[in-house]
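Structure first, then comments.
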Amino acid sequence: MKTKLTNKQYVVPFILITSLFFLWGFARAILDVLNVHFRDTLDISITQSSLIQVVTYLGYFLMAIPAGMFINRYGYKRGVVFGLILYALGSFLFVPCSGLGGFAPFLICLFVIACGLAILETAANPYSAELGPKETSAARLNLSQSFNGFGSCLAPVIVGGFLFTNETAHVNVPYVIMGGVVVVVAIIFSFCKLPEIKHEDVANEAEQVNSDVKSNVYKLLTNKMFIIGVIALFSYEVAEISINSYFVIFTTGLDIFSAQTASKVLSYALMFFMIGRFVGSWVMKSVSAERTLFFCAAGTVICMIGVIVTSISERNDTSWTRYIPLAFLLANYVFEAIMFPTIFSIAIKGLGNQTKTASSILMMTPIGGCAFLLVAFLADNTGFIIPFVIPLIGYAIVWAFAKLSLPIK
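The sequence shown begins at -13 in my numbering and counts up one residue at a time.
What follows is the structure in structure tokens.
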């Protein structure tokens, strides 16, 4: 029997909170375009351009716990507004920082944006999961994350098309526009009503609001399944961010596409990703999240092996067979689509008043994006194929987590 996705009283809050997923999906996908743009305009190496990912996901790591403390004290709504303000501020800072010249000022802007995104994700992910029946929390979060995929697939084609087709195009333009949109969204959230979720295991409202963060952290660190979930989510972030950031570099490095075409194809890949989340949300109304994750993780492992093997065997071929590794990459986007929200929802399941603190710890895992520095180093020193070993290991760990989380019959 299918369980409803959400309750009637939560429909509007669910729609509003889901809109945020689009915004950070768009912001994170731009990074994959910036890697190539800054290499071309500033004449830097792949390893140097990878600092874009390092700085961004370092911001997630450093802001995650403070974000959880802020949301614990002030609630989901104020957390969302504060995150949006930082997001907009970082976007507008592109204008004065670009006047300073060089690469470093842009990294400062991206760090500020990342701090805002960390707060947004710390608030929105558990909030979406909690807005309805527990049985459909993974399906609900996957549906919200589908709009993250929508933002991700639009960013490369819009921003990449702008930067790669116009020699005089400046990176300030898309960020100023994005900052303006975020300000409007922040104003909307400032005036809307978002219900705070109260948990059955909390005796009273005061306990709900003043739940001791240190105590929650201690309890969570002794929760074996939660810790394994953190490791799995970190491993997924290593794999997913590495592939997204490396996609344009890989396809242009093997002369499969030009930079402009590669950014468009990345948008198509992220469209597959978005479709995968919509389908996954539908499937998980009938199939357990754990079982769905198990089969999808197996699919990603097979795809990574396929990319490596076919790249080695076909790398000097100029025929249509050079697109075979690309086919495995596109299939991987479908399989990996449900991973973040599903791992997240499994990890926070049944945590009650520890949920907000758990969310802040889980939102430290995007630090896995810094692994792109290792991917970039391998690309600079070993060629374009060996770096795929990194995401292969990440997906294998996710598969192991999925196997452990399967219900015992």
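We treat Cβ as the ideally placed atom computed from N, Cα and C, and that holds for glycine.
In this text the structure is predicted, and so the values were computed from the model without any measurement.
Coil, strand or helix - residue i by DSSP
i, result
"I376", "helix"
"F92", "helix"
"K(-6)", "helix"
"E193", "Confidence is the limiting factor: at E193 the pLDDT is only 48, short of 50, which leaves the residue's position unreliable, though a coordinate-based value still follows. If DSSP states are grouped into helix, strand and coil, E193 belongs with the helices."
"E153", "coil"
"L86", "coil"
"N318", "helix"
"I294", "helix"
"V159", "helix"
"I371", "coil"
"G336", "coil"
"M270", "coil"
"C178", "coil"
"L348", "helix"
"F97", "helix"
"L79", "coil"
"G262", "helix"
"G118", "coil"
"T208", "coil"
"F133", "helix"
"G239", "helix"
"A124", "helix"
Contact under 8 Å by Cβ, residue i with residue j
i, j, result
"I3", "S132", "no"
"F374", "M290", "yes"
"V234", "A382", "no"
"A317", "A124", "no"
"S267", "L390", "no"
"L256", "S138", "yes"
"G285", "F321", "yes"
"T307", "F220", "no"
"L312", "T237", "yes"
"F0", "L86", "no"
"V98", "A218", "no"
"I371", "S297", "yes"
"Y309", "I376", "no"
Of the listed residues the options, nearest to residue i (C-alpha basis)
i, options, result
"V361", "R14, Q34 and L106", "Q34"
"K200", "S346, D241 and I324", "S346"
"P327", "F92, Y232, A110 and T343", "A110"
"F387", "L315, F212 and A317", "F212"
"S36", "G369, I376 and C356", "C356"
"A50", "G146, V203, K120 and R277", "V203"
"N134", "A15, V251 and V273", "A15"
"V41", "I229, G76, S331 and D26", "G76"
"V(-2)", "P181, F78, P119 and N152", "P181"
"G336", "C282, P377, G262 and P112", "P112"
Contact belief for residue i with residue j at Cβ below 8 Å, rounded distance in angstroms
i, j, result
"F150", "S249", "6 Å"
"G45", "A104", "6 Å"
"G380", "Y222", "6 Å"
"I38", "L20", "5 Å"
"L(-9)", "T122", "5 Å"
"A74", "V169", "5 Å"
"A292", "F314", "The identity of residue 292 in the sequence shown is Gly, whereas the question assumes Ala. 4 Å between Cβ atoms; contact."
Same chain, Cβ closer than 8 Å to residue i, neighbours up to 5 away in sequence not counted
i, result
"G54", "T108, V199, K342, T343, S345, S346, I347 and M349"
"A192", "Model confidence at A192 stands at a pLDDT of 45, short of 50, so the residue's coordinates are unreliable; what they give is reported in the following sentence. Within the same chain, A192 has no close Cβ partners at all."
"I71", "G102 and A172"
Beta-carbon contacts of residue i that lie in its chain and below 7 Å, excluding the five residues immediately before and after
i, result
"S400", "The requested residue 400 is not part of the displayed model; the chain covers only -13 to 395."
"I57", "G65, T108, A109 and K342"
"N(-7)", "G118"
"F78", "V162 and G165"
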